[in-house]
Amino acid sequence: MRNVAGIFAVVAALGAWGADDSWKLPLEQKEQALEQNARERHNILGLYPSQVEIWPDSGQPNYTTRGHCDIAHAVCWSANYLAGCSYRYAFLKRSGAPAEVLADAKRRADEVFEAIYRCQLVTGVRGLQARGYAIGRGESYEERIAENPDNIWYQGAGEYANLRWRGSPSHHNYSDSVHGLCQYYDLAAEGAQKDRCREAIDALVGYWVDNDFNIWHIGHEQKTPILGFTDGKTLNMRIMMAIAGAKAALHATGDLKYQAAYDRLINQYGVRGLKPFTTEKDFDDAEHVFCHLENLFRIETDPELLAAYRVVLDALWANHKDDAQSLFTYIRMAAAPDTADREKALGEALFSLQSWPTDTTLQPRMSSLKPELKPPYPLYAAAWDNEYIWKGNLLRGDGWLSRIITEVSVPAEDPLVIYALDQNGDIYQSRDGAETAGGWFPVSLTLPSPARRISAGPRVRMIGAVCDDGAYVSLHGGNRWIRLAPPEEAGRPLEVRCDPELPNAILVTGEKGAYRTVYRRTRDIGLRWEKVAKGGAGPAGEKPAIAANAAGSFKPDSGGVLKSADGGNTWELKTKGLDIAQARTVFAPSNTDWVFAGTPAGLYLSKDGGETWEDGHLVLQFTYNSRREIGGAAFIDAYWRGRYYGFIDDAAAVAHWKE
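For the sequence shown, numbering that gives the first Met the number 0 begins at 0 and goes up steadily by one.
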């Protein structure tokens, strides 16, 4: 349990922890920034793909089938986002917002609704809902990267033929969609949009009600039971989702078949008179059921059923009351204002929003190394969920760590050209002295196997590599690679480098000997070899434990980088500037006086002999050096509920953070 008063002391002590201080902005400004981000970078014709891949050189996502956006759950996060948009519109309308502001909120809610409805229409089967869609034709990201891709992607039907949609529907997709549609129906849909929403809800819920509580996949060859595996009598979270879905459809349409489905579930699972209800602590299911309960408390009028839903709410709150989940807290307090420790929970919920940065890039985090931080962590210090904050938790302090850099090499011609090798065997080149993320590019794309050692040549275009299947050299900056085949007497290759003394010579050092090939033209490389030295020592990939240059000796440490100025007799820990104070590798390559460290937060470098460190802008978490961000829908969902229910007043919305 976290002491709310202690939160502020911790934050003050940390100061500018991390590079992004945007979390200190007023809530209102953060909401505006996150909403703009959602429209610009998480917007496939209104659909909200949460996790999107951003390449440093472009800075923009690709919504086509050639791009990588997490479409597999896009309809879920779009539905949650729709709920936030609906509460925004309802609050602004009630508070007398300017006409242009209100109109913008309405347009956005309508746009997101249409995207969710499009997930049904794109399949060509009434009520069959796609998980999401990408723009264009051809294979999707998932079909490219899966080892054994399933046939679950399809081209859109009719007017949606230029959309490729993701099939294999789940109960979660249907659950999130119906709760978001119900919020929109009650809070934001007007005129023709209300009729369209009614039709969308009817088709969605009717698809499983009419099929004996099953969701048939495309082609009717497979089905997903909406209730899952059940003993037929015990209420659980999945059944609560179905109960709420049936009630939402009854509420919107008045169709008696939904009354029958609702009554069947209520009676079969003993909801009336419900006393005990227990469930495992599961943030994913909790997010669904909290939002469904919010709808049920608004649209159900039967006192006995409302009492039963309060029992379910109490059980969920018992699991999550100390987790600082703003969304859960605001739903709970709106439905149960008599909750014990109300002020504590509301204070923590507010702080979770106050500590939320506007940059939603998934950042490497090791908050477990910060003894002054305790879970639940401030948003900026937590290892976030991969898609939607409230689906995960703020109790996890470590995650999204970078692959470690295992070697750095610098060509003699230009020290601002840097080559780096990561633990996966991929090679990267920076042309701006690691000044920007966009300056790094993978240059080993055509290597047939992972690299384990690299060595830059005298010219910026020259780089040698020892790979799992042998020795290679590139005279073209990694654009093309040549396989080297020194005599068998050399043994297994340990190092490949361009001879700094002979301009047209390449040295391959093996376990049993070092051999040189001299060439006039590229096609001559490897035709003739001469032995120049005895073999090296140690397996390929093994580097010296200590790096050294004129400034001193350096070695990695679990607490940072150790530096010795007296040849290793004494060591001093250097951490200033490291985002995560832990080093796994350290390098002091020739041709530069900079020192480099491979850390869980990515590559770091020092320009003052290891005294201080700065970001090398090479963070390797996903596809090569791409980054991914999850957007701010979760903030918007919670913030506007806080405003609507009165938990965040005007003063709190515009207040600046005070240390």
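Using N, Cα and C, we set each Cβ at its ideal position, and we do this for glycine too. It should be emphasised that the depicted structure is a prediction, and the values quoted were computed from it without experimental measurement.
Run of the alpha helix (DSSP H) containing residue i, from where it starts to where it stops
i: Phe586; result: Phe586 -> not in any alpha helix (DSSP H); beta strand (DSSP E) instead, spanning Thr584 to Phe586.
i: Ser77; result: Ala73 to Arg93
i: Lys222; result: Careful: Lys222 lies outside any alpha helix (DSSP H), inside the beta strand (DSSP E) at Lys222 to Pro224.
i: Phe634; result: Ala632 to Tyr644
i: Lys246; result: Met236 to Thr252
i: Val177; result: His170 to Leu186
i: Lys530; result: Note, Lys530: premise wrong, no alpha helix (DSSP H); beta strand (DSSP E) at Glu529 to Lys533.
i: Ala32; result: Leu26 to Arg40
i: Trp215; result: Unbroken run through Trp215 is the beta strand (DSSP E), Asn213 to Trp215; no alpha helix (DSSP H).
i: Glu303; result: Pro302 to His319
i: Ala504; result: That residue, Ala504, is in no alpha helix (DSSP H); its beta strand (DSSP E) goes Ala504 to Gly509.
i: Glu141; result: Tyr140 to Ile144
i: Trp207; result: Ala191 to Val208
i: Phe228; result: Premise fails: Phe228 is in no alpha helix (DSSP H) and is neither H nor E.
i: Glu110; result: Ala98 to Leu120
i: Ser354; result: First-last for Ser354: undefined, no H or E at that position.
i: Arg331; result: Ser325 to Ala334
i: Ile265; result: Leu255 to Gln267
Anticipated Cβ contact below 8 Å, residue i with residue j, distance rounded
i: Leu577; j: Tyr603; result: 6 Å
i: Pro457; j: Asp19; result: Pro457 to Asp19, Cβ: 40 Å. No contact.
i: Ala202; j: Gly126; result: 4 Å
i: Asp322; j: Leu393; result: 6 Å
i: Tyr268; j: Thr233; result: 7 Å
i: Trp164; j: Ala108; result: Contact flag wrong, Cβ pair sits at about 23 Å.
i: Tyr638; j: Glu30; result: 5 Å
i: Ile629; j: Ser169; result: With a Cβ gap of about 20 Å, Ile629 and Ser169 do not count as contacting.
i: Tyr514; j: Pro485; result: 4 Å
i: Asn294; j: His178; result: 6 Å
Residues that residue i bridges to, as DSSP identifies them
i: Gln428; result: Tyr418 and Phe440
i: Val164; result: Contrary to the premise, residue 164 reads as Trp rather than Val in this sequence. Bridge partners of Trp164: Tyr132 and Tyr153.
i: Val288; result: Val288 pairs with nothing; no bridge assigned.
i: Leu572; result: Leu561
i: Arg452; result: Val465
i: Lys554; result: Leu561
i: Asp614; result: Tyr603
i: Ile727; result: With the chain represented from 0 up to 658, any question about residue 727 goes unanswered, as that position is not in the structure.
i: Arg364; result: Gly398
i: Thr63; result: Ile134
i: Cys68; result: Val51
i: Ala470; result: Val465 and Leu483
i: Ser21; result: DSSP lists no partner for Ser21.
Other residues of its chain near residue i: CB distance less than 7 Å, five sequence neighbours each side excluded
i: Thr598; result: Leu577, Ile579, Gln581, Ala582 and Arg583
i: Arg519; result: Asn503
i: Leu264; result: Ile238, Ala241, Ile242 and Ala245
Contact set for residue i: own chain, Cβ-Cβ below 6 Å, skip 5 residues either direction
i: Glu52; result: His67, Ser625 and Arg627
i: Ala539; result: In this prediction, Ala539 scores a pLDDT of 48, lower than 50, which makes its location untrustworthy; the coordinate-derived value is nonetheless stated afterwards. Around Ala539: Arg451, Arg452, Val465 and Leu493.
i: Thr229; result: none
i: Ser366; result: Leu372, Tyr376, Ala380 and Gly396
i: Asp284; result: Met236
i: Gly437; result: Pro55 and Asp56
i: Gly424; result: Pro449 and Ala450
i: Arg297; result: none
i: Gly537; result: Because the pLDDT at Gly537 is just 48, under 50, the model does not fix this residue reliably, and the point stays unresolved.
i: Lys575; result: Thr611
For residue i, the first and last residue of its enclosing beta strand (DSSP E)
i: Cys466; result: Ile462 to Cys466
i: Cys497; result: Pro492 to Cys497
i: Asn548; result: Ala546 to Asn548
i: Ile481; result: Ile481 to Leu483
i: Ala513; result: Gly512 to Val517
i: Ile403; result: It is not in any beta strand (DSSP E) - Ile403 carries neither H nor E in the DSSP assignment.
i: Val594; result: Val594 to Thr598
8 Å CB neighbourhood of residue i in its chain, flanking five on each side removed
i: Gln620; result: Leu361, Pro363, Trp399, Leu400, Ser401, Arg402, Arg626 and Arg627
request  = Pair every Cβ in the segment 100 to 115 with every Cβ in the segment 205 to 214, then say whether three or more of these pairs are closer than 8 Å.
outcome  = no
key: Contact the segment 309 to 319 vs the segment 187 to 195: 3+ CB pairs below 8 Å   = no
message = Pairs of beta-carbons, one from the segment 148 to 156 and one from the segment 176 to 187, closer than 8 Å: are there three or more?
response = no
request  = Check whether the segment 583 to 592 touches the segment 542 to 561, taking contact to mean three or more Cβ pairs, one atom from each stretch, closer than 8 Å.
outcome  = yes
task = Please confirm if the segment 79 to 92 is in contact with the segment 131 to 149, defined as three or more CB-CB distances below 8 Å between the two stretches.
result = no
inquiry  = With three or more C-beta pairs closer than 8 Å as the rule, is the segment 639 to 657 touching the segment 343 to 362?
reply    = yes
key: Three CB pairs or more closer than 8 Å across the segment 324 to 341 and the segment 18 to 35   = no
ask   = Just checking, does the segment 606 to 614 make contact with the segment 409 to 419 on the three C-beta pairs under 8 Å criterion?
value = no
request  = Say whether the segment 565 to 574 touches the segment 383 to 392, bearing in mind that this needs 3 or more beta-carbon pairs closer than 8 Å, one atom from each stretch.
outcome  = no
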